[in-house]
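Beneath this line is the structure, given in structure tokens, with notes to follow.
In my numbering, the protein residues as written are 165 to 807.
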């Protein structure tokens, strides 16, 4: 399906009719100022020599009818007889012709309904682009949903909360739904057929494609391949194809005017349209179907009623008034009620005005992130407070400003946030796990850095869709995200005061450290207020090892041993760097050392257990003999693969 232009089609097929209509208009109005010149104001002869079609603007009409304004530039030759000689001149006015036609009639009923001198008039109320794809502005999405449901006889969905029956919707639209395995690799989740055709489907038993005749107005759905895999289900796929039929039939009809063999649109699992080259048209069609489908299944006004009732219920059940703490069960119930994915229900909650939903049901680095909240307007939809460990490490390596913040030790990586290191915002729970405080969790904008985010997607269609919902990352998402430190981050006045006090304390320690490793070790242990036994327990070390390192300058500790000591004592990054330096070790440009340096900079408050979890996730052996032994016994195959 190559790129198609309605203007080109009108020019090639109807230029003669347009010329004739323009010629009649010019001759009937030949003395108008627009059709004369200063040289010849009263021509003896007026001839329309030629026209150039400059633009065609299309307005959508019911069914398959369209009306369109054709703007032409005309070359008019003028002649006047002056005694024994003639004068000649020419002018180039712009003329507009209002035309109409029925695409179901292949525009055979084309007619010019009116003509006028060019006037920069108001835009069409229901505009279509040059490929006959509707223009849909974001602010008009909800009205488009209401109009769609009314137009297709499903207005009861707008009145009270209820789940859509996609089969009933298709039936009311005059469409038939078939279940077929469309492709052997499940790469196509659905098809909509605009014309009768012979096609092929995959037969799993025969393990081959088999021919089948399919009639027009048929939706074919592969129940094995869900729409975008994480944003919908079988039901959403049917609604998706219904949107194509309702809003994109005219665009497809234009393709058929060029190519009679065109019959269907194939929608791939990754979110695009297969076998098309019409970049602009297919981009718009697929993005519109992607965006409108879940909104149609959850009309905003009735959705708000259902959400409100669930919020009241769970506030009572959970004995809490904090919206962020009831969002998770509310979203899950909405997902079940409307028959959509959890992610789709979460997005709809945010669209309904519940920004608390952004901070719940988020999965990064393969694990769940606790619910959190930030003030409305704190960040844009293309920014986030929640980031993955790889993004953080890349930013430390490539962004000097961010690296400086992390090396100061004033920000720590906790629960996939980069949080200001203050007891107001971070704490240890009863099990010793480093986490956000209740206050920090509910005031993320006050204590955490935010990041610009962009989609790293499988193709441009899902990227365009996910750009609007980059903050809604769920466990099943196949779309990946990339975060970059945002330059607009600023510290609050109170944080600046705490930062100054922290830096003063650390600077005092640094100035007092002796030049030897043993001397520095002894001084740092005194500063940490930890006993040898406590350090040994937290660092998975033998007390005698600590004693030797503290008292014997001839010891040559490994980098792993130094890491265990620094993490056990929760040493600030500046102090850890001194300890590494005193040992004579220099971090190298490899994955393991890069990860070690990150842990000392961003996770020094987390403790050895959490740091080991991060190491294993990044393919590196844990620190400490106990942790290594446990992992080797539990998963020997994994242990062999680790660095």
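The C-beta atom is built at its ideal place from N, Cα and C for all residues, glycine as well.
Check, Outcome
"contact_flag[the stretch 372 to 386, the stretch 309 to 317] where n(CB pairs < 8 Å) is 3 or more", "no"
"Residues of its chain near residue 487, where Cβ-Cβ distance is below 6 Å and the 5 sequence neighbours each way are ignored", "520"
"Length of the line joining the Cα atoms of residue 760 and residue 353", "44 Å"
"Beta-carbon gap between residue 168 and residue 419 smaller than 7 Å", "yes"
"Beta bridge counterpart(s) of residue 244 as assigned by DSSP", "251"
"Residue from 465, 178, 592 with nearest C-alpha to residue 322", "465"
"Residue 608 in three-state terms, based on DSSP", "helix"
"Whole alpha helix (DSSP H) elements within the stretch 466 to 553, 4-residue minimum", "487 to 502, 506 to 515"
"DSSP three-state assignment for residue 147, whether helix, strand or coil", "Residue 147 is absent from the structure shown; the chain starts at 165 and stops at 807."
"Cα-Cα separation between residue 547 and residue 605, rounded to whole angstroms", "18 Å"
"Exposed unless 16 or more other CB atoms sit within 10 angstroms - verdict on residue 494", "buried"
"Under the three-state DSSP convention, the category residue 310 falls into", "helix"
"Rounded distance between the beta-carbons of residue 187 and residue 212, thought under 8 Å", "4 Å"
"Residue 706 classed as buried or exposed, judged by whether at least 16 other C-beta atoms fall within 10 angstroms", "exposed"
"Contact set for residue 244: own chain, Cβ-Cβ below 6 Å, skip 5 residues either direction", "204, 207, 208, 251"
"Cα-Cα separation between residue 791 and residue 715, rounded to whole angstroms", "27 Å"
"Any 3 or more C-beta pairs closer than 8 Å across the stretch 607 to 615 and the stretch 525 to 545", "yes"
"Within 7 Å, strictly: CB atoms of residue 550 and residue 533", "yes"
"Beta-carbon proximity list for residue 336, same chain, < 8 Å, skipping 5 on both sides", "316, 317, 318"
"Residues near residue 297 by beta carbon distance below 7 Å, same chain, minus five either side", "412, 415, 445, 448, 449"
"Three-way DSSP call (helix, strand, coil) for residue 324 in this model", "coil"
"Endpoints, beta strand (DSSP E) assigned at residue 218", "209 to 224"
"Every unbroken alpha helix (DSSP H) within the stretch 370 to 410, with a cutoff of 4 residues, ordered by chain", "none"
"Straight-line Cα distance separating residue 571 from residue 689", "21 Å"
"Top-ranked residue by Cα proximity to residue 344, from 569, 384, 740", "384"
"Per-residue burial, residue 382 [other beta carbons within 10 Å of its own, 16 or more giving buried]", "buried"
"7 Å Cβ cutoff met for residue 552 and residue 522", "no"
"Cβ-Cβ distance between residue 662 and residue 586 below 7 Å", "yes"
"Cβ-Cβ distance between residue 468 and residue 516 below 7 Å", "yes"
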